[in-house]
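Chains as they are written, first to last, in the numbering used here: chain A, 1 to 218; chain B, 1001 to 1151; chain C, 2001 to 2103; chain D, 3001 to 3267. Just so it is clear, CB atoms sit at the ideal spot from N, CA and C, and this is done for glycine as well.
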Amino acid sequence: MKKHTLIALASLATALLLAGCASGPSVAELNALTDKIVKSSFRDQSHVKLTRLTETDETNLACSEADVAGKPLDDKTARAIEAVNMKTIKWPSDGKFIGDWKEGEKIAQSGRGLTWSDSATMESGGNCYNCHQIDKKEISYGTIGPSLYNYGKIRGVSDPASPGSKAMVEYTWGKVWNAKAYNACSNMPRAGHMGILNEAQVRHIVGLLLDPKSPVNQ
Amino acid sequence: MQTRRETLKHSAVVAGLLATAGFPGFAMAAFNKAGFDAKSVQDATKAFGASSLTESKDVTITAPDIAENGAVVPMGASTSLAGVKQLLILVEKNPSTLVASFNVNDAVDANFSTRAKMGQSSDVYAVAIMADGKALWAKKEVKVTLGGCGG
Amino acid sequence: MADPMRIRAQAAGGKATVRVLMSHEMESGQRKDAAGKTVPAWFIQEVTATLNGKQVLSAEWGPAVAKNPFMQFNIKSAKAGDKVAVTWKDNKGDTRTDEATVS
Amino acid sequence: MKTVFPLSIAAAMALALAPAMAQKTASQAIDEYRAMLADGNPAELFEAKGEDLWKKARGPKNASLEKCDLGKGPGVVKGVFVELPRFFADTQRVQDLEARLVSCMETLQGFNAAEIAKTPFGQGEMANVTAMATWVSAESKGLKFNLSQSNTQEKTFYEVGKRLFFQRGGTHDFSCASCHGEEGKRIRLQDLPILTKSPGDGLGFAAWPAYRVSNGQMWSMQLRLNDCYRQQRFPYPGFGSDATIALSTYLGVNAKGAASIAPAIKR
Chain A
1 MKKHTLIALA SLATALLLAG CASGPSVAEL NALTDKIVKS SFRDQSHVKL TRLTETDETN
61 LACSEADVAG KPLDDKTARA IEAVNMKTIK WPSDGKFIGD WKEGEKIAQS GRGLTWSDSA
121 TMESGGNCYN CHQIDKKEIS YGTIGPSLYN YGKIRGVSDP ASPGSKAMVE YTWGKVWNAK
181 AYNACSNMPR AGHMGILNEA QVRHIVGLLL DPKSPVNQ
Chain B
1001 MQTRRETLKH SAVVAGLLAT AGFPGFAMAA FNKAGFDAKS VQDATKAFGA SSLTESKDVT
1061 ITAPDIAENG AVVPMGASTS LAGVKQLLIL VEKNPSTLVA SFNVNDAVDA NFSTRAKMGQ
1121 SSDVYAVAIM ADGKALWAKK EVKVTLGGCG G
Chain C
2001 MADPMRIRAQ AAGGKATVRV LMSHEMESGQ RKDAAGKTVP AWFIQEVTAT LNGKQVLSAE
2061 WGPAVAKNPF MQFNIKSAKA GDKVAVTWKD NKGDTRTDEA TVS
Chain D
3001 MKTVFPLSIA AAMALALAPA MAQKTASQAI DEYRAMLADG NPAELFEAKG EDLWKKARGP
3061 KNASLEKCDL GKGPGVVKGV FVELPRFFAD TQRVQDLEAR LVSCMETLQG FNAAEIAKTP
3121 FGQGEMANVT AMATWVSAES KGLKFNLSQS NTQEKTFYEV GKRLFFQRGG THDFSCASCH
3181 GEEGKRIRLQ DLPILTKSPG DGLGFAAWPA YRVSNGQMWS MQLRLNDCYR QQRFPYPGFG
3241 SDATIALSTY LGVNAKGAAS IAPAIKR
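As C-alpha cells, this is what we get:
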C-alpha cells in the first residue's frame, strides 16, 4: 500500500520536474498536466463515473479554456457552439409545450439528483431556485441567474397557445432543454440535453414560467 | 481513541463530582416522559401540573425570525416574575412539542438559552410554570428556510 | 466515553454567565438510516450544574435539542475563581462531567 | 382566558404585529440568526479534541506529533495555517494542512497514510485529522493568508488549480467558477464568495475548517472541496489528491491578505 503511494508520488514529481523547466511550463504543458492530475485524482463513486470529466464535450472544453484565459470566445466559435447545441434540442413529441405549473414548481424547488450520494434511478430536480427567483412566495432563491418572476407576463404571453406567443414559447422550451443553444458559455445547465430533466419535466417547467395561471405570472 | 488511563481519570472525576453534588434536596425528579411525549403545547404544559394557560407579557421567548437551517435554531426563555418553578421551551409543530425544561431556583436567573431542531416553520413558545399551578406563555413565529443546493 | 465539554463562565455584576457546549449526537429518533430503519433516539436527558460543589441548575431535555448542544444560563452571586461544573446524562445512561473556573 | 388555549386570539395578535416585522428584510433576519449562532461555535469542541490528539503519544510508534513540521519548523503551529498549501522538501510535494498532518502521522507515529486517506470523513483517524486541522487553523485566527509562490511546484500547482477552478464538466456543466466567479451572487440564501481574488477577511478560503450547522459536522477544507465537487456532479476527488491540493493552492494564493476566522460556523 505504502509502496504504491510512493511510486505514484514519484512519478508525479517526475512529471512536475519535466514540466518545470527554467522558464516554467508552457500553457500546453500545464493543460496536459491538469488532465493527468484530473485522471489520477478523481475516481468513480457509485453511479458517477470519471468519464463525466474525461469525456467532456467540445462546448465545455472551449468555454473552460476561454475562462482560464480570461477572454470570452470569439464570435465565430460562439455561434458555431450555439449551432451545435441548437441541433440537440428535442421539441415536444406531442406538440404540447405547457405542462402543469404545480409540478413545475416542485421540480424547480428540487436540487436533487445525479450526485454520487443520490440514487441512480431517482428523477432529478431542476435546481432552478438555486440560481433564480421564480415564485415570489419563495424567499430562498439564488441570484446567479436573472429573476424569472413574471417571466411570461413581462414577455406579453397572455395565451401560450396563441400564434403571437409561439416564438417565446419555443424559445423557453429550447432554453430549458439546452441553454447553450442561445448562449455558448451560459452558466445554465442543459437540462434536457444532458438528461437532467425528461420531456415531461421540461414541459412542467415551461408551464411554471409561461402559464398565465402560474404564480410566476401573478 | 482514549487511553485506558485517561478513561479511568475521567471516571474518577465524575464519581467525585457526583458524590459532592449529591445533596438529597436537589435530587433530580424523574424524567417527565409525558411532557416530552406530548404532541401539543397544552398537553406538555399539563404534564408539568399546570391547570391553566395564559399569555403573559412578563414571559419572553427569544428566537430568530428566520432560521437558515432547522437543524439548529437558537431559542431562549426568560421571565421577570417571582414564583416561577420551571421554564419550558416548545416548538408547536415538532413531532413532540417540548424541547427543554429548566428548573428555576434562587441560585440562577430565570433565563435560559439553548438551540433546538425544527422540522418546519412553526410558532415557538416559552412557558413559565408557576408555583400556583398557572402556566404563562409567550410565543414567536420562526420561519425555517431551505438553504444550500440540496433542496 | 464522550468527548469533553467546553464551559466558559464569565463574572460580571456579581453574576456569572455560563456558556456550555456539549459533544453529543442528539439523535432525534425521527431519522431513518440508509436501509429505511428508524435510528433510535439517543439524547441528553438531564443536565445539572454546580457552583463550588453546590447544585445551582437542573434541566430536562428532549431529543429536539440540537446536536452538539449549547446552553446558556446565569448563576447569581458568583465571582471570579469560583468553580462551575456541568454534568449531563443521556437516555443510554452515559454521563460526563467537566469543570471550569469563573473568569 | 382560563383553561381555554387562546390560539386564534394569539394568531390575530401576531397578525397585528406583522407589519413591523415585515420591515426587516429576509437577509437581515438571516444575519441575526447567524449572529445568534456565532457565540458558542461547536467547532470549539473539535479544537479541544485536536489539541489533545496533537500532544498525545499515539500510533504504532507511540509518539506525539509535537515534532511535526507544518512548514515553519518542527512543532511550530502558530501561523502555519495561513501559509498552506506549500512545498515540503522531505516529501517533495506541495501539501495542504490535512495531507501534511497525515504525512506526519505516518512518519512520526507509524500510521498508514494510504489507509487514513481512504477513511470516510468523520470516521476513525480521518475524524482525528479533521480535529487536528481545526485546532491548527484556530492557532492562526486573525492572521492574514500569505502563501509562498517561490517554488516551481508551488507555481505549477497554482496554474493547475486555476485550470481546475474553471473546468466545466459533469452532467450540469458546472465549474467552481459557475458559483464563485462573480461578486455578490448567492445560491438560495447563501452568499457565494468570489474566489478568483480575495473575497475579504473570513470569507471563502479564510473560513474553513468550519462547523456545519446543517449536519452537525466539522468540515475541513478537504471535505469542503469534496462536497463542492459532489454538488457539481463531478466524480469523487481523492483525499489529499493533487487536484484538491492544486485547487487549494489557487484559492489560498488568491486569498492573500484575507484574515482567517477559521474555525468558523456555517449553515
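Cβ pair residue i, residue j closer than 8 Å
| i | j | result |
| --- | --- | --- |
| D:Gln3232 | D:Phe3174 | yes |
| D:Pro3235 | A:Leu53 | yes |
| D:Ala3260 | D:Gly3142 | The question names Ala, yet the displayed sequence has Ser at residue 3260 of chain D. Yes, the pair counts as a contact, with Cβ atoms nearer than the cut-off. |
| A:Met168 | D:His3172 | no |
| A:Val48 | A:Thr121 | no |
| C:Val2056 | C:Gly2081 | no |
| D:Val3082 | D:Ser3150 | no |
| D:Leu3065 | D:Gln3109 | yes |
| D:Ala3264 | D:Ala3210 | yes |
| B:Pro1095 | B:Gly1133 | no |
| A:Ala181 | A:Gly174 | yes |
| D:Asp3201 | D:Ala3258 | yes |
| A:Asp67 | D:Phe3166 | yes |
8 Å contact criterion, which residue i and residue j should meet: CB distance rounded
| i | j | result |
| --- | --- | --- |
| D:Met3132 | D:Trp3054 | 5 Å |
| C:Ala2059 | C:Val2047 | 5 Å |
| A:Ser93 | A:Glu199 | 6 Å |
| D:Pro3085 | D:Thr3196 | D:Pro3085 to D:Thr3196, Cβ: 18 Å. No contact. |
| D:Leu3097 | D:Val3160 | Going by Cβ atoms, the distance from D:Leu3097 to D:Val3160 rounds to 19 Å, so no, they are not a contact pair. |
| B:Ser1122 | B:Thr1062 | At roughly 15 Å, the Cβ-Cβ gap does not stay under 8 Å, so B:Ser1122 and B:Thr1062 are not in contact. |
| A:Ile293 | A:Gln201 | There is simply no residue 293 of chain A to check, as chain A begins at 1 and stops at 218 in what is shown. |
| D:Ala3255 | D:Ala3206 | 6 Å |
| A:Cys131 | A:Ile144 | 4 Å |
Helix, strand or coil at residue i according to DSSP, with G and I counted as helix
| i | result |
| --- | --- |
| A:Ile205 | helix |
| D:Asp3096 | coil |
| D:Glu3192 | One point to set straight first is that residue 3192 of chain D is Leu, not Glu, in the sequence displayed. Strand at D:Leu3192. |
| D:Tyr3236 | strand |
| D:Thr3119 | coil |
| C:Val2102 | coil |
| D:Ile3187 | strand |
| A:Arg190 | coil |
| D:Met3132 | helix |
| D:Lys3078 | coil |
| B:Pro1024 | Any reading at B:Pro1024 must be qualified, since the residue scores a pLDDT of 36, below 50, and its modelled position is unreliable; the value itself is stated next. B:Pro1024 falls in the helix class under three-state DSSP. |
| D:Val3253 | helix |
| B:Asp1123 | strand |
Residue i burial status per 10 Å Cβ neighbour count (16 or more: buried)
| i | result |
| --- | --- |
| A:Leu61 | exposed |
| C:His2024 | buried |
| D:Ala3117 | buried |
| C:Arg2031 | exposed |
| C:Arg2096 | buried |
| A:Ala8 | Residue confidence is low: A:Ala8 scores 46 on pLDDT, short of 50, so the model does not pin down where it sits. Its coordinate-derived value is still stated next. Flag for A:Ala8 reads exposed. |
| D:Asn3041 | buried |
| A:Cys21 | Low per-residue confidence applies at A:Cys21: pLDDT is 45, beneath 50, and the placement is therefore not dependable, though the value from the model is reported in the following sentence. A:Cys21 should be labelled exposed. |
| D:Ala3089 | exposed |
| C:Gln2010 | exposed |
| D:Ala3127 | buried |
| B:Trp1137 | buried |
| A:Arg220 | For chain A, the structure presents residues 1 to 218; residue 220 of chain A sits outside this window and is missing. |
| C:Val2084 | buried |
| D:Asn3215 | exposed |
| A:Tyr151 | buried |
Nearest neighbour of residue i, chosen from the options [CA to CA]
| i | options | result |
| --- | --- | --- |
| B:Thr1079 | B:Asp1109, B:Thr1145, B:Val1124 and B:Ala1071 | B:Asp1109 |
| A:Pro212 | A:Met188, A:Pro189, A:Ser162 and A:Trp177 | A:Ser162 |
| D:Ala3043 | C:Asn2068, C:Lys2054, C:Lys2037 and C:Arg2019 | C:Asn2068 |
| B:Phe1102 | B:Ala1126, B:Val1091 and B:Glu1092 | B:Ala1126 |
| B:Leu1087 | B:Asn1069, B:Gly1076 and B:Asn1094 | B:Gly1076 |
| D:Glu3154 | D:Phe3087, D:Ala3262 and D:Val3076 | D:Phe3087 |
| C:Ala2041 | B:Asn1111, B:Asp1037 and B:Val1073 | B:Asp1037 |
| D:Asp3069 | D:Met3105, D:Lys3061, D:Gln3167 and D:Asp3201 | D:Met3105 |
| B:Leu1098 | B:Ala1128, B:Gly1083 and B:Ala1067 | B:Ala1128 |
| D:Arg3267 | B:Lys1139, B:Glu1068 and B:Phe1031 | B:Glu1068 |
| C:Lys2076 | B:Val1073, B:Thr1145 and B:Val1104 | B:Val1104 |
| D:Phe3111 | D:Val3076, D:Leu3037, D:Asn3062 and D:Ile3245 | D:Asn3062 |
heavy atom of the ligand SAH below 7 Å from residue i C-beta
| i | result |
| --- | --- |
| A:Met194 | The ligand content of the structure shown is nil, which means the ligand SAH is not present either. |
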